[in-house]
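Student: Counting with mature numbering (1 follows the signal peptide of the UniProt record, and there is no 0), you get residues -25 to -1, 1 to 162 for the letters of the sequence shown. Quick reminder that beta carbons are idealized off the backbone N, C-alpha and C, glycines included.
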Amino acid sequence: MKWNRMQWQALALGAGLVLSLEARAQEADTLGTQGSGNFGGMGQIAITSDLYGTMAYTSVEGPGDGFSISLKPSVDYFLKENLSLGGSVLLATTITDGDDDVSLGLRVRGGYNIWLNEKVSVWPKLGLGVAHSGAGDRTYLEIELSAPFLVHLAPHFFVGGGPGLVTQLGDGTLAQLHISTVVGGYF
């Protein structure tokens, strides 16, 4: 296989990003031990609640326009420094002109906390779950990618927010881009 110039540039860009993230992670190891109570330390348990609302048009069967709000109580365990594995429960409702929809689900997720300075970190997470929607009696697979920026206000307490993407696969496909907020603590 012969590689063209664009492919080599993309490979070089990817390698540069990986190396800079690795260097940033090594530098962040020293930041994580200062001032914030060392969020992301091995063996820690973090309890959070993510909340987001969207106004969207849905292309799956149903009424279309609506407002949805989702609450996801979550628990994460740090397997090693800054590397987490956890799960969440999805409680969501969509309010429309017709019948309102209620969704319930379970999700597993993995994440990695990256310190930006003594009080701020970003905690990107990738989750996979299954959910059931009462409207249309629909069960679907859900994939979520989120990257909240956390502000560590006090030892063992943080707030934050950031972008997220949820994709539902099943009877119909749905993708939602949203901004979510998170409140949490750890011990």
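1) Under the rule that 16 or more other beta-carbon atoms within 10 Å means buried, what is Ile70, buried or exposed?
2) Alpha carbon to alpha carbon, how far is Ile154 from Leu125? Give it in angstroms, no decimals.
3) For the stretch 68 to 138, list the beta strand (DSSP E) runs that are entirely contained and at least 3 residues long, ordered along the chain.
4) Can you tell me which of Val77, Gly139, Ile118 and Glu117 puts its alpha carbon nearest to the alpha carbon of Val157?
5) If we ignore side chains and look at the alpha-carbon of each, how far apart do Arg84 and Pro99 end up?
6) Quick test of your reading: Gly86 and Ser43, contact by CB under 8 Å. State the CB separation rounded to the nearest angstrom.
7) CB Glu119 to CB Val97, shorter than 8 Å?
8) Going by the DSSP bridge assignment, what does Gln151 pair with across the sheet?
9) Roughly how far, in whole angstroms, is the beta-carbon of Ala122 from the beta-carbon of Asp74, given that I think they are within contact range, below 8 Å?
10) Among the residues of its own chain, which have a CB less than 7 Å from the CB of Tyr52, if the five just before and after it don't count?
11) Keeping to the same chain, check which residues put their C-beta closer than 6 Å to that of Ser27; ignore five residues upstream and five downstream.
12) Can you give the Cα-Cα distance for Pro130 and Leu103, rounded to whole angstroms?
Tutor: Taking the geometry as given:
1) exposed
2) 13 Å
3) 76 to 87, 95 to 97, 100 to 108, 113 to 121 and 124 to 129
4) Gly139
5) 10 Å
6) No, Gly86 and Ser43 are not in contact; Cβ-Cβ is about 24 Å, not under 8 Å.
7) no
8) Val141
9) Not quite, the Cβ-Cβ distance comes to about 34 Å (not below 8 Å), so this is no contact.
10) Ile20, Ser59, Leu60 and Gly61
11) Inspection of the sequence shows that residue 27 is occupied by Tyr rather than by Ser. Closer than 6 Å at the Cβ level, and outside the excluded window around Tyr27, lie Ser45, His153 and Ser155.
12) 30 Å
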